[in-house]
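Asker: Questions regarding the structure given below will be posed in turn.
Residue numbers (the numbering used here), protein chains in the order written: chain A, 812 to 1201; chain B, 812 to 1201.
Structure below.
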């Protein structure tokens, strides 16, 4: 194998795939990146795979002779990213003729030799051949991920809750994530661009829906790699065990999470007796200050509605440490109520929104409250109140 | 006590003193900051002290009534830094009349109450009354610290080597730091501005020199707080146990490290048989790449001089992993030699320099080598070569 490529292109592509390199590989070859050079297409592809998440990317190069090999991902990336701008040559044809695992990297500043492992030991990235296919615009996918991922559980024992649940219907895609305390549901409606094309009848019959739970870790990488400005749609291929996202020169594969995802639709109240509209930045800034004291105790912030004055008071009482109180203007309908929340859950939801105003809807101090961004995407953020100690 | 001050000024001053707040305080009050409001001068001072490092800073405020109290440093700083711009009121005169430890902080967005501790429990910051005094320009002090601190030992068991040794003579100040493997010595010569004024005869007789070892931790804070553009000189007060730096509205105190500092002057060779001049950025960039492989093994980089070609080759051989070689132009005098160094030590010295060229002087592959910046401050960086395995 011998090829010439630009230092900055190799650096970028190595950084894409590096996130799928296992930090504690179960087999030594999984610490490596697979490099495949194709003389016919004059392209090089890089792949990394931790047996759950796989990332593949390809880029143009001058391929003098094709071949495959694997190289230590971190070492290669650390060296290449520090090399000066310009062309690099990768060559493993020097030295011993057969089965040479040493690759020579030459650039204008010097020469490096790195020992790799045979490509035959590297596991194939999963492919989905007979599964369903859907096409989604990149910006809708990014928006949905950004507004849901933060609600997934970070607790690995929570299994299906460590993922984001995707439901594709004919009129759009729905993202849902919950850790059991709060729930984010986002509908990205793109009837023109979204299409579900079942290649075969699904188990449940003829309903053309995608309904899978994807590990949040894989989706965070997807969000990081996707370019909102890219014209290309992202293709989703999926079967019962795997999902493959394909776009431009990139490909991300992930196993799916097994198990029944909670039927979250039934948790969301249909009617509300109280409603409160506030400026998002104002309430978020106040909550960030309140949180300093709330963090000292039990994370609880109390919201006290005053419909007469049309204002809401946020307060915290961290006994022995201190207390705090802020009052902000609000448009309030319904009877006054005191209700308490985990301040972190409120803040995380408000940070994921981008609108200037948000609406809080609720019924009682012990039933689910809903926060929604006013006038933007269809996002529903459900938070359970916490008991106020009397 | 009641006072009004600007949010941004209080935030800045809290951040200055916060570095002297103990993260694991041996007494609860050491987690607090001491706040003293003086009605006569209309100033507020803040102090923090971890029993080794002490920082005091003061700023103007509208002091309605003076007083002293201590407040939890991190909590206060976290709240104040998140408050909106504008005036803040601090008041502990509400509530119970006597010995009220709750302070109320009011701003346009809300009201916070924070529980403190009595000022009488807070230890006095050390003062040096009868010691020696010296005045140094801030920029010379910063330069000296920047060029020496990196060589101090991070190993707390190395006692005196965890500090920087300062020697003040009539013609200037000398900084020295060593961890036993390398040594940085910096002379900042400022005959106009530097003055040593012994108030009393020192133990060794009439020699007007300062000769102390100050913990690197305290000096890193000093470097961070000093403003190179400030006109003011920094006053050093010192006796056998303490040093106090005073400038503008700030004051930093530190205990001194006890014990004999190595007689480092005798380690520096007076004559050299070989000399090598290279571009600093070029050799530093090459070493950073070499280090990726050297880090995998024993950190060793080999320098091979070629006086015929006027170039030096840097190489690394990390068996089983890979190898690397870079050749860069150099002005070389003396016979060719192969010599090896710890790549980290070379890099750290080169990063502390600011000149475009550096000079490496040495005699043999087993005697101390000296690196100096060409045409800048008087800095000497001594590195011991390491044995080359044959």
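Note that the Cβ used here is the ideal one computed from N, Cα and C, for glycine as well.
What is the DSSP secondary structure of residue 830/B, reduced to helix, strand or coil?
Answerer: Correct three-state label for residue 830/B: coil.
Asker: State the CB to CB distance for the pair residue 1027/A and residue 974/A, rounded to an integer number of angstroms; the pair is presumed to be in contact (CB under 8 Å).
Answerer: Confirmed, Cβ separation roughly 6 Å.
Asker: Just mark residue 1032/B as buried or exposed, buried being the case when its beta carbon has 16 or more other beta carbons within 10 Å.
Answerer: Counting Cβ neighbours within 10 Å, residue 1032/B comes out buried, since at least 16 surround it.
Asker: In the structure shown, what three-state DSSP assignment does residue 856/A receive?
Answerer: Three-state DSSP puts residue 856/A in a strand.
Asker: Say whether the segment 1034-1048 of chain B touches the segment 934-951 of chain B, bearing in mind that this needs 3 or more beta-carbon pairs closer than 8 Å, one atom from each stretch.
Answerer: These segments touch.
Asker: What does DSSP give as the partner residue(s) for residue 1189/A in the beta ladder?
Answerer: DSSP, once it has assigned bridges, lists 998/A as partnering residue 1189/A.
Asker: Mind checking the segment 1084-1101 of chain B against chain A and listing, in chain order, the residues whose C-beta falls within less than 9 Å of any C-beta there?
Answerer: Of all residues in the segment 1084-1101 of chain B, 1093, 1096, 1097, 1099, 1100 and 1101 have a Cβ within less than 9 Å of some Cβ in chain A.
Asker: Measure from the alpha carbon of residue 942/B to the alpha carbon of each residue in 986/B, 1144/B, 967/B and 1022/B, then state which is nearest.
Answerer: Nearest option by C-alpha distance: 1022/B.
Asker: Quick one: grab the DSSP three-state call for residue 1122/A.
Answerer: Note: residue 1122/A maps to strand in three-state DSSP.
Asker: Look at the Cβ atom of residue 1101/A, then the Cβ atom of residue 1135/A, and state whether they are nearer than 8 Å.
Answerer: Their beta carbons are under 8 Å apart, which means residue 1101/A touches residue 1135/A by this criterion.
Asker: Taking residue 1158/A as part of the alpha helix (DSSP H), name the residues at either end of that continuous run.
Answerer: Note, residue 1158/A: alpha helix (DSSP H), 1154-1163.
Asker: With a threshold of 8 Å on Cβ separation, who are the neighbours of residue 967/A within its own chain once the five nearest residues in sequence on each side are excluded?
Answerer: Here the set comprises 973.
Asker: Along the segment 918-939 of chain B, where does the CB come closer than 8 Å to a CB of chain A? Name the residues.
Answerer: If the cut-off is 8 Å between Cβ atoms, the segment 918-939 of chain B has 920, 921, 922, 923, 924, 925 and 926 near chain A.
Asker: Considering Cα atoms alone, identify which of 1120/A, 1166/A and 842/A is closest to residue 1146/A.
Answerer: Selected option, being the one with the closest Cα: 1120/A.
Asker: Under DSSP, the alpha helix (DSSP H) around residue 1033/B begins and ends at which residues?
Answerer: It spans 1027-1036 - the alpha helix (DSSP H) in which residue 1033/B sits, taken as one unbroken run.
Asker: Can you confirm whether residue 1052/A, when its beta carbon is compared against all beta carbons of chain B, has any partner nearer than 8 Å?
Answerer: Chain B, which has no Cβ nearer than 8 Å to the Cβ of residue 1052/A, makes this no.
Asker: Excluding sequence positions up to five away, which residues of its chain have a Cβ less than 8 Å from the Cβ of residue 963/B?
Answerer: Excluding residues within five positions, the ones whose Cβ falls inside 8 Å are 972, 973, 974, 975, 988, 989, 990 and 1027.
Asker: Here's the rule I'm using: 16 or more other beta-carbon atoms within 10 Å means buried, otherwise exposed. How should residue 1085/A be labelled?
Answerer: Buried, by the Cβ-count rule.
Asker: Could you list which residues in chain A have their beta carbon closer than 8 Å to that of residue 893/B, in chain order?
Answerer: Near residue 893/B (Cβ distances below 8 Å), the residues of chain A are 1096, 1099, 1100 and 1103.
Asker: When the Cα of residue 954/A is compared with those of 1035/A, 1077/A and 920/A, which residue comes out closest?
Answerer: Ranking 1035/A, 1077/A and 920/A by Cα distance to residue 954/A puts 1035/A first.
Asker: Which residue comes first and which comes last in the alpha helix (DSSP H) that contains residue 887/B?
Answerer: Where residue 887/B is concerned, the enclosing alpha helix (DSSP H) stretches over 884-893.
Asker: When we look at the beta-carbon of residue 1175/B and count the other beta-carbons within 10 Å, is it buried (16 or more) or exposed?
Answerer: Under this definition residue 1175/B is an exposed residue.
Asker: List the residues of chain A that residue 1159/B touches, going by C-beta distances under 9 Å, in chain order.
Answerer: What residue 1159/B touches in chain A: nothing, since even the nearest Cβ is about 17 Å away.
Asker: Can you tell me whether residue 959/A is buried or exposed? The criterion is at least 16 other CB atoms within 10 Å of its CB, across all chains shown.
Answerer: The residue in question, residue 959/A, is buried, as its Cβ has 16 or more Cβ neighbours within 10 Å.
Asker: Name the DSSP bridge partner or partners of residue 928/A?
Answerer: 881/A.
Asker: Quick check: is the beta carbon of residue 886/A nearer than 8 Å to any beta carbon in chain B?
Answerer: Output row for residue 886/A: interface = yes.
Asker: Does DSSP classify residue 821/B as helix, strand or coil?
Answerer: Residue 821/B: helix per DSSP, three-state reduction.
Asker: Just to confirm before moving on: does the CB-CB distance between residue 927/B and residue 882/B stay below 8 Å?
Answerer: Yes, Cβ-Cβ distance for residue 927/B and residue 882/B is below 8 Å.
Asker: Just tell me which of 1054/A, 815/A, 846/A and 912/A has its CA closest to the CA of residue 1067/A.
Answerer: Closest by alpha carbon: 1054/A.
Asker: What are the boundary residues of the beta strand (DSSP E) that includes residue 980/B?
Answerer: 974-980 is the span of the beta strand (DSSP E), which, as asked, contains residue 980/B.
Asker: Residue 921/B bridges to which residues according to DSSP?
Answerer: 1137/A and 918/B.
Asker: Would you mind listing the beta strand (DSSP E) stretches within the segment 1073-1112 of chain A that are 3+ residues and don't spill past its ends, in chain order?
Answerer: Counting only runs of 3 or more, we get 1085-1090.
Asker: Between which two residues does the alpha helix (DSSP H) harbouring residue 1168/B extend?
Answerer: Element bounds for residue 1168/B: not the alpha helix (DSSP H) but the beta strand (DSSP E), 1168-1173.
Asker: Between residue 817/A and residue 866/A, what straight-line distance do the alpha-carbon atoms span, to the nearest angstrom?
Answerer: Taking the straight line joining both Cα atoms gives about 21 Å.
Asker: Pick helix, strand or coil for residue 1178/B, following the three-state DSSP scheme.
Answerer: Coil, per DSSP.
Asker: Kindly indicate which residue of 998/A, 993/A and 969/A has the alpha-carbon position closest to the one of residue 982/A.
Answerer: It is 998/A whose Cα lies nearest to the Cα of residue 982/A.
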